[in-house]
Amino acid sequence: MNLLPLFIGFGLVTTAVLAIASVGFTLQYAVTNVLNLAYGEVMTVGALTAYVVNHRGGSIWIGLVAGAAAAAIVSLLLNRFIFGPFARRGLKLFGMVVVAIAVSLILANALLIIAGSSNFSYQFDAGPTFRGLGMILSTEQLVVIGIAVVAMVAIRVLLTRTKLGRAMRATATDESLARACGISVRRVTDAAWLISGALCGIAGVVLGMSVTGWGVFTDQGLLITIVAAAVVGGIGQPYGAMLGALLLGIVTSMVAGYFDPAYRDVSAFVILVLFLLFRPQGILADVVAQREVVT
Amino acid sequence: MTNAQQFYVTLLLIYLGVDIIAALGLNLQFGVAGIMNFAFIIFQSAGAYAYALCTLGPPGPGNLLGAGFQTYFWGTSLPFPMPFLVAIAAGALLSLVVGAVILPRLRGDYQAMAFLVVSLIATGVATNQIGLLNGANGLSLVPKPLNDQLQLSFFDYGWFYLGLTAVFCLIAWWFVHRITSSPLGRALRTVRENEQAASALGKDVRRLRMLAFVIGGGLAGLSGALLVGFISAWAPGSWTYAETFVYVTAVIVGGFGSNLGVIIGVLLVPIVFGELTRFLPDVGQSGWIDAGQFIVYGVLTLAFLWFRPRGVFPERRVLYARPMIAKSTPASASPEGGAPP
Chain L
10 MNLLPLFIGF
20 GLVTTAVLAI
30 ASVGFTLQYA
40 VTNVLNLAYG
50 EVMTVGALTA
60 YVVNHRGGSI
70 WIGLVAGAAA
80 AAIVSLLLNR
90 FIFGPFARRG
100 LKLFGMVVVA
110 IAVSLILANA
120 LLIIAGSSNF
130 SYQFDAGPTF
140 RGLGMILSTE
150 QLVVIGIAVV
160 AMVAIRVLLT
170 RTKLGRAMRA
180 TATDESLARA
190 CGISVRRVTD
200 AAWLISGALC
210 GIAGVVLGMS
220 VTGWGVFTDQ
230 GLLITIVAAA
240 VVGGIGQPYG
250 AMLGALLLGI
260 VTSMVAGYFD
270 PAYRDVSAFV
280 ILVLFLLFRP
290 QGILADVVAQ
300 REVVT
Chain C
51 MTNAQQFYVT
61 LLLIYLGVDI
71 IAALGLNLQF
81 GVAGIMNFAF
91 IIFQSAGAYA
101 YALCTLGPPG
111 PGNLLGAGFQ
121 TYFWGTSLPF
131 PMPFLVAIAA
141 GALLSLVVGA
151 VILPRLRGDY
161 QAMAFLVVSL
171 IATGVATNQI
181 GLLNGANGLS
191 LVPKPLNDQL
201 QLSFFDYGWF
211 YLGLTAVFCL
221 IAWWFVHRIT
231 SSPLGRALRT
241 VRENEQAASA
251 LGKDVRRLRM
261 LAFVIGGGLA
271 GLSGALLVGF
281 ISAWAPGSWT
291 YAETFVYVTA
301 VIVGGFGSNL
311 GVIIGVLLVP
321 IVFGELTRFL
331 PDVGQSGWID
341 AGQFIVYGVL
351 TLAFLWFRPR
361 GVFPERRVLY
371 ARPMIAKSTP
381 ASASPEGGAP
391 P
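Protein sequences, first through last, are from chains L and C.
Take 10 as the starting number for the first sequence in my numbering and just add one per residue.
Take 51 as the starting number for the second sequence in my numbering and just add one per residue.
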């Protein structure tokens, strides 16, 4: 039996989760320039909120919306009360990265105290399994891929067709110039954290749907893979992040399938380090540079 | 003193000594030279594993310490001071390799991210390659230095080891103090504050950074060896990336760049706050004390970065001549005026 299509199938599910999460991560980084290493914990907040809704009898879809909303609010609060004030004051010698790691550790351990280290899973009807092109995918896995496609289209529409999207792109390119053009950078920043948080929450719930069991450390473990997808695509570039998610999703599934599942995360870390060292601008840098000249 | 109290006090003081050596190393890199080394713990770990391998003896069925339940790729038994020297060399050598790859290429967020990921890769490999360093179970039954020769009781040996730690601690402090108070220390601070200015003055910025990084790595290696020499066991669980953050917090709370501040930081962060957390009532989930410790460290870091970014004991501003503009800008000369713009 040829295993390749099977692994590609699993890789596409990982890609879907990664794409949602890394687009949110990169969008927020582009606008605010803060490396939000607490992203994994915000994801867990979304996943746990959906779990609570789901186990009180709500459907997983209500849970998805609640999870996205909770994560968006947490994300906004983090910016309002921690990242924003520190960024405005400016940290001499210390990057915001120290603040971000501190926030990440506080949140991670608070979540551990609240939720414990047990495993959770959502309750919903598992539909039939589909086979095709050598892949075997369950209904929920197909739904996960579907959600990712919808989210990506929505982000594309937001960035190209709406006033907010244009304001976000302008702020990302040059904040002071955007301010001079009458854009309220503060509101755009808030919007970026909200959207990023919502995507993060969706990714957390969707990840929980696609695996059999997850705990408070699952999303934290995925953080570096999400960052890797963002860096591979060129940090700050949403379309690059989608491409990065595809690369990371397929490669990590191949490594897990053909080599050793324990090296799944390590392979993502190695890709991240190699890109940081040899191509920190990401794979799309040349394309983007050309397009900027043209348009 | 009861035996339990005696053990608690010696263990705590040995931890204090080990943490001081490690924090002095991190301070040299992070505080003095401005390198965001979020992989610091792997250099401590390199020293600990090097010490273990140099004392456990060759792996295989003939070895009473390692037979049957632990596997590792190589081992030998060296007499007393040698394993510590090998540990220092291991920390320094690993720093040389990691530093040579990361330091010249990356700055700021990207540098921090690269170090963080290197730390995660190291944990991943050490956990999953069982044959290398016994995987997630780690190495145990590591011999204590001079334990066989001295024939001391368990508790007397604790006091002896405390003395040994104190000696190493004094040597480390003297060594780091010599560097930071010398022209070399001044040059390192210049690199931290303004790379271009240092470069324009003819300083080899890359070499200076590398030097601080490697010496810090050597100190990390020594601290790891001292730690494993007493507790006799070392596993990937003891050096997750979050452990680096304990030292980062100590450096920030104490006062980065200041050696005395760092000692106070270690006294406050892992010892006072870390141990106080243990006496909290056990109300939550099991293991919530450990989680609580990290919350305390995180909150301390945020609070100090916001209210007192130069720490309890700030780095002394060395003035070489009476500044002519001192009257117009008093803030720039006072140690507390360092609130970043």
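Just so you know, even glycine gets a beta-carbon here, dropped at the ideal spot from N, CA and C.
Owing to the predicted nature of the structure, the values given are computational and were not obtained by experimental measurement.
Rounded to whole angstroms, what is the Cα-Cα separation between residue i and residue j?
i                      : j                      : result
residue 122 of chain C : residue 182 of chain C : 5 Å
residue 281 of chain C : residue 363 of chain C : 31 Å
residue 75 of chain C  : residue 301 of chain C : 10 Å
residue 138 of chain C : residue 221 of chain C : 13 Å
residue 352 of chain C : residue 128 of chain C : 44 Å
residue 188 of chain C : residue 109 of chain C : 14 Å
residue 186 of chain L : residue 277 of chain C : 54 Å
residue 142 of chain C : residue 14 of chain L  : 46 Å
residue 105 of chain C : residue 45 of chain L  : 43 Å
residue 144 of chain C : residue 93 of chain C  : 7 Å
residue 136 of chain C : residue 85 of chain C  : 25 Å
residue 40 of chain C  : residue 258 of chain L : Beyond the ends of chain C as shown, which are 51 and 391, falls residue 40 of chain C; an answer cannot be given.
residue 63 of chain L  : residue 119 of chain L : 22 Å
residue 222 of chain L : residue 268 of chain C : 42 Å
residue 391 of chain C : residue 106 of chain L : Any answer about residue 391 of chain C is weak, because its pLDDT of 38 lies below 50 and its placement is not dependable; what the coordinates show is given next. So the two alpha carbons sit approximately 18 Å from each other.
residue 233 of chain L : residue 184 of chain C : 25 Å
residue 180 of chain L : residue 194 of chain L : 7 Å
residue 357 of chain C : residue 159 of chain L : 44 Å
residue 191 of chain C : residue 283 of chain C : 6 Å
residue 117 of chain L : residue 340 of chain C : 12 Å
residue 17 of chain L  : residue 151 of chain L : 13 Å
Taking 8 Å as the limit between beta carbons, can you name the residues of its chain near residue i, skipping five residues before and five after?
i                      : result
residue 140 of chain C : 96, 97, 99, 100, 271
residue 300 of chain L : Any reading at residue 300 of chain L is ruled out, since the residue's pLDDT is 49, under 50, leaving its predicted position unreliable.
residue 242 of chain L : 31, 35, 248, 249, 250, 251, 252, 253, 254, 291, 292, 293
Do residue j and residue i count as a contact pair if the criterion is CB distance below 8 Å?
i                      : j                      : result
residue 121 of chain L : residue 225 of chain L : yes
residue 266 of chain C : residue 78 of chain C  : yes
residue 22 of chain L  : residue 153 of chain L : yes
residue 215 of chain L : residue 26 of chain L  : yes
residue 197 of chain L : residue 177 of chain L : yes
residue 347 of chain C : residue 90 of chain C  : no
residue 43 of chain L  : residue 96 of chain L  : yes
residue 285 of chain C : residue 344 of chain C : no
residue 64 of chain C  : residue 211 of chain C : yes
residue 84 of chain L  : residue 51 of chain L  : yes
residue 284 of chain L : residue 240 of chain L : yes
residue 237 of chain C : residue 133 of chain C : no
Leaving aside the five residues before and after residue i along the sequence, list all residues of the same chain whose C-beta is less than 7 Å from its C-beta, in chain order.
i                      : result
residue 247 of chain L : 32, 35, 36, 164, 168
residue 77 of chain L  : 55, 207, 210, 211
residue 180 of chain C : 121
residue 70 of chain C  : 219, 313, 316
residue 146 of chain C : 264
residue 230 of chain C : 82, 309
With 16 other CB atoms within 10 Å as the buried threshold, where does residue i fall?
i                      : result
residue 309 of chain C : buried
residue 287 of chain L : exposed
residue 360 of chain C : buried
residue 127 of chain L : exposed
residue 218 of chain L : buried
residue 379 of chain C : Any reading at residue 379 of chain C must be qualified, since the residue scores a pLDDT of 47, below 50, and its modelled position is unreliable; the value itself is stated next. Looking at its Cβ environment, which holds fewer than 16 other Cβ atoms inside 10 Å, residue 379 of chain C is exposed.
residue 304 of chain L : Bear in mind that the predicted position of residue 304 of chain L carries a pLDDT of just 35, short of 50, making it unreliable; the figure below should be weighed with that in mind. When all chains shown are included, residue 304 of chain L counts as exposed.
residue 305 of chain L : Beyond the ends of chain L as shown, which are 10 and 304, falls residue 305 of chain L; an answer cannot be given.
residue 250 of chain C : exposed
residue 82 of chain C  : buried
residue 19 of chain L  : buried
residue 123 of chain L : exposed
residue 89 of chain L  : exposed
residue 244 of chain C : exposed
residue 139 of chain L : exposed
residue 299 of chain C : buried
residue 254 of chain C : exposed
residue 302 of chain L : The predicted position of residue 302 of chain L is uncertain, since its pLDDT is 41 and thus under 50; no value can be drawn from it.
Please return the same chain residues whose Cβ sits closer than 6 Å to the Cβ of residue i, not counting the five positions on each side in sequence.
i                      : result
residue 55 of chain C  : none
residue 66 of chain C  : 321
residue 164 of chain C : 152, 156
residue 195 of chain C : 130, 279
Problem - Completely contained beta strand (DSSP E) runs for the stretch 157-217 of chain L, where each covers 3 or more residues - result: none
Handout entry: Sequence ranges, alpha helix (DSSP H) only - wholly within the stretch 108-178 of chain C, length at least 4
Key = 131-152, 158-178
Exercise for the section: Mind listing, in chain order, the continuous alpha helix (DSSP H) runs of no fewer than 4 residues lying wholly within the stretch 254-325 of chain C? Expected result: 255-281, 291-304, 309-316
Exercise for the section: Could you name each continuous alpha helix (DSSP H) segment of 4 residues or more that falls completely within the stretch 75-105 of chain L, going from the start of the chain to the end? Expected result: 93-98
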